[in-house]
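6 protein chains.
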Amino acid sequence: MKVGVFVGRFQPFHNGHLSAVRYALTKVDYLYIVVGSSQRSHERDNPFTAGERIAMIKEALEEDNIRASRWMIIPVPDADSHSVWVATLKSSVPKFDVVFSNDSLTIRVFKEEGIKVLPIPYTNRKEYSATNVRTRILERKNWESLVPTAVARLVEQLDGVGRVRSMIERDVTR
Amino acid sequence: MKVGVFVGRFQPFHNGHLSAVRYALTKVDYLYIVVGSSQRSHERDNPFTAGERIAMIKEALEEDNIRASRWMIIPVPDADSHSVWVATLKSSVPKFDVVFSNDSLTIRVFKEEGIKVLPIPYTNRKEYSATNVRTRILERKNWESLVPTAVARLVEQLDGVGRVRSMIERDVTR
Amino acid sequence: MKVGVFVGRFQPFHNGHLSAVRYALTKVDYLYIVVGSSQRSHERDNPFTAGERIAMIKEALEEDNIRASRWMIIPVPDADSHSVWVATLKSSVPKFDVVFSNDSLTIRVFKEEGIKVLPIPYTNRKEYSATNVRTRILERKNWESLVPTAVARLVEQLDGVGRVRSMIERDVTR
Amino acid sequence: MKVGVFVGRFQPFHNGHLSAVRYALTKVDYLYIVVGSSQRSHERDNPFTAGERIAMIKEALEEDNIRASRWMIIPVPDADSHSVWVATLKSSVPKFDVVFSNDSLTIRVFKEEGIKVLPIPYTNRKEYSATNVRTRILERKNWESLVPTAVARLVEQLDGVGRVRSMIERDVTR
Amino acid sequence: MKVGVFVGRFQPFHNGHLSAVRYALTKVDYLYIVVGSSQRSHERDNPFTAGERIAMIKEALEEDNIRASRWMIIPVPDADSHSVWVATLKSSVPKFDVVFSNDSLTIRVFKEEGIKVLPIPYTNRKEYSATNVRTRILERKNWESLVPTAVARLVEQLDGVGRVRSMIERDVTR
Amino acid sequence: MKVGVFVGRFQPFHNGHLSAVRYALTKVDYLYIVVGSSQRSHERDNPFTAGERIAMIKEALEEDNIRASRWMIIPVPDADSHSVWVATLKSSVPKFDVVFSNDSLTIRVFKEEGIKVLPIPYTNRKEYSATNVRTRILERKNWESLVPTAVARLVEQLDGVGRVRSMIERDVTR
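See below:
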């Protein structure tokens, strides 16, 4: 059985992430989806807790009928340095064969440890970026179409829009 | 949908844990199995990494034909104090309704935060304890019968017996 | 007895903070003044240690004849995330009924934990901000009139002006 | 003005601590009462949170009519090492002249940093020890007479007896 | 014997650092070269691990025929605050008499602890700065002439150029 | 050039350690002596700071005329887990070929990461153990003959005997 790892912060999980998961599952039998910077939340670039991000991913995959027996979601906190972070990840995730990533630093730190990395053929990269989703939320532009319906619903329930805005307004008023 | 949390260290995951999971799934629709003290490994009382423990639980539940759509495994590290730990757990796990535990301290810290806790009708508590499994490994007694077949196989693959023993011998020779 | 909490970083404690304390004491019988980011010092935005900030607040309140039996100052360090930070604060401070804050993020994280938050009718917000005080110190403009006399005296004793400047000059020369 | 520091863990604050505070206040004008290991709670030797311990000390001193203008309570967490801990304490507490302690290690680490330490003439040391209070709670013996009335009332309110016991029973059943 | 400390991050070790070491060795008999922010690596401003930086310094000093019996390299991680950092450094390094530094903040924190600080007569400060070296690497300009030959060779072996670039490209594409 | 690593806590550095260094230097050209648990001090089992331990090793090797161009001493703090600790060590030390150790756990964690480990032919293991040295110090028995003269002199200068005893007496009196 071939096992893969897909690392992201998923702030929030968007359609680009979803298509990356679908792509990875054409290459491996089982996929560990690692929620990075898991300890962060309520920050401008990290509005959601690990628990909230896990809920988003879980519901999006269920909604998309991706079988639960083919993936698991594992939160991994930041480490002091990126070189130690690979060791932290390896001790937090069962054995795997390959990492999926397009991020130049992630690719490098895994390769420096001798781990195979595969690129993901992202489509429409600029649209489907978490930064873009957060910016649109702030600018009160349409963002719901960039994320799975389940994620839009959860962000709504969590008053995610209010949360993201409260963190920006903060910088102005403190 | 009713959601539960079952907390343990699972060093290693044994038959008592497995029957607790089965029991909890008769009370809730979905169960988050929290691997506590996730950052610890290679210690006398914490021989296995979070990744190894996740693999044990995953394979044991698969082997037992418990549907993957009904559970998820989430590692949670220790916090500075037990009162802050409940907040760490809540930020690491999606929303839940109830915690399953027989441990007096776990019950107390969750209750102090107003979270409902249900007991687990453990059978044969003394046999099926992780401490007992680790002790038997050290004393070269039969321990395989106390854990799911998948766990015994993984402990074998990891040379878990050698690892547990190397940590005991250490105390003698340093 | 009604108990309140007033959270700030107090870098340094200025007249706006002092009037907020006076206001809060018209609403509650006892006030815990929480010195946030207590572990930070000698940074551009956090020049003073917790001990120095506690001294500033203590001497300013004494100077203003606010009875010592109505307030206490408690340092609280940052936590990994803002959601865990509320738990850290709750375990560091005796029981309280209400939090005073105008900061959108502080308001949000307390409300998410079900804690009552009251706004403070700040007067002359732009003048009386710690950022403004630090900027004026750097630009060698009058800043003493923005802080209680006791704070100006302590900043003087600590060579606070030299300290703030040493951290700016640093960025240029490294 | 002469300023002193009195360090303890206060798990819980007992009559010996109270008489030490009274003694120290005959030697100095102002006393900072440092709640050490402030981040710990819900442990066998550290049952109470910093907030709970602060409440105990505050109410005991009020009950004993010790003027609030002569003391302040400051929580200080543990540091990686005892030598760094003195620096942490110094950055958490306003300037002070002398430390009161009978503990050989505390005396040593302060003296190694050139800080003056004075002994406290403890009376009835064996009775009035926090270890003794916790042991009596566990053994269901009279402990209330060893602590100020305010502390006994607070321990009651917090179900401190149940909490201490839950942590002992834990060791037996896990 | 007079003992000195020279603190830097050495990202990377360049000719200015080397001449500072030579200068310091005219003032003291023995020099501890402290690699600060030792826990950081794989970041835009901190590309190299402590181990890699130690290798650079060691090989540069050997190449320059500076006798190994006159210096030692000691990595020291960041502390929560700069005031506690001095204590961390003092507990990590054998006894010393003087610190060499031109950095305004470093000078200040050591002086606040009563430690003597001497300036270094830097020549050609703008050229010989680690920031300049990293910028030139990014802009594909000549940088090798700014560092000792041994450092240029090590950066080559580590694909340091690729590493620095991968961290910049990252900011664009995430 | 063949490079080795020798890991210990060196609390304190004794004759057994010294003969291990001499042995290792017959097998490798250069030796990194790693001072483990570097952040600990002033504890019963870890009385000395990293700086004090570095001084002991440095002076003992100098006294024994082991050329400074063949070794370096590097402090490495503990990590959350032993599996992550190997990554921390690898990022703190320049490239190496082999680790020298007789400790079963150290051997295991390095081998699990694919690193070669060689045993050290210890002579008179029971005598020459740091535990034995600390115990003798406590029991006021001869300990100076178990350590290099330079170490005995440094322990004397630091009042190491008083320090070790102060930590034991502590347990009795608190």
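Residue numbers (numbering that gives the first Met the number 0), protein chains in the order written: chain G, 0 to 173; chain E, 0 to 173; chain V, 0 to 173; chain S, 0 to 173; chain Z, 0 to 173; chain X, 0 to 173. All C-beta atoms, glycine included, are put in the ideal place defined by N, C-alpha and C.
What did DSSP end up calling residue i once you bin it into helix, strand or coil?
i: ILE65 of chain V; result: coil
i: GLU42 of chain Z; result: coil
i: LEU30 of chain Z; result: strand
i: VAL163 of chain G; result: helix
i: MET55 of chain E; result: helix
i: GLY15 of chain S; result: helix
i: VAL75 of chain X; result: coil
i: GLY50 of chain V; result: helix
i: GLY3 of chain E; result: strand
i: ALA23 of chain G; result: helix
Taking C-beta pairs closer than 8 Å, name the residues in chain G that residue i reaches, listed in chain order.
i: LEU17 of chain V; result: The contacting residues do not exist; LEU17 of chain V stays about 17 Å from chain G at best.
Going along chain E, which residues have a C-beta under 7 Å from residue i?
i: ILE72 of chain G; result: MET71
i: ARG139 of chain S; result: Simply none; closest approach about 16 Å.
Taking Cβ-Cβ distances shorter than 7 Å, what residues in chain S pair up with residue i?
i: MET166 of chain X; result: LEU104
Within the continuous alpha helix (DSSP H) that includes residue i, where are the two ends?
i: VAL83 of chain X; result: 81-91
Give the range of the beta strand (DSSP E) segment to which residue i is assigned.
i: VAL154 of chain X; result: Looking at the DSSP string, VAL154 of chain X is not in any beta strand (DSSP E); the run it does join, the alpha helix (DSSP H), is 148-156.
i: PHE9 of chain Z; result: Unbroken run through PHE9 of chain Z: none, as it is neither H nor E.
i: PHE95 of chain X; result: Note, PHE95 of chain X: premise wrong, no beta strand (DSSP E); not H, not E.
Just to make sure I have the definition right: I need the residues of chain V whose C-beta is within less than 9 Å of the C-beta of residue i. Which are they?
i: SER68 of chain S; result: GLU61, ARG66, ALA67, SER68
i: ARG162 of chain G; result: LEU104, ARG107, GLU111
What residues of chain G sit near residue i, judged by a beta carbon separation below 7 Å?
i: SER114 of chain E; result: Inspection of the sequence shows that residue 114 of chain E is occupied by Ile rather than by Ser. Per Cβ cutoff of 7 Å: no residues; ILE114 of chain E is ~14 Å from chain G at best.
What does residue i reach in chain S if we use C-beta pairs closer than 8 Å?
i: LYS57 of chain V; result: MET71, PRO93
Can you name the residues of chain V whose CB is closer than 8 Å to the CB of residue i?
i: ALA54 of chain S; result: PRO93, LYS94
(message) So within the region 106-141 of chain Z, which uninterrupted beta strand (DSSP E) runs reach at least 3 residues, ignoring any that extend past its ends?
(response) 115-117
(request) Could you please tell me which residues of the region 75-99 of chain X, in chain order, have their CB closer than 7 Å to any CB of chain E? (result) ASP79, SER80, HIS81, SER82
(message) Output needed in chain order: residues of the region 37-50 of chain S with a Cβ under 8 Å from some Cβ in chain X.
(response) none
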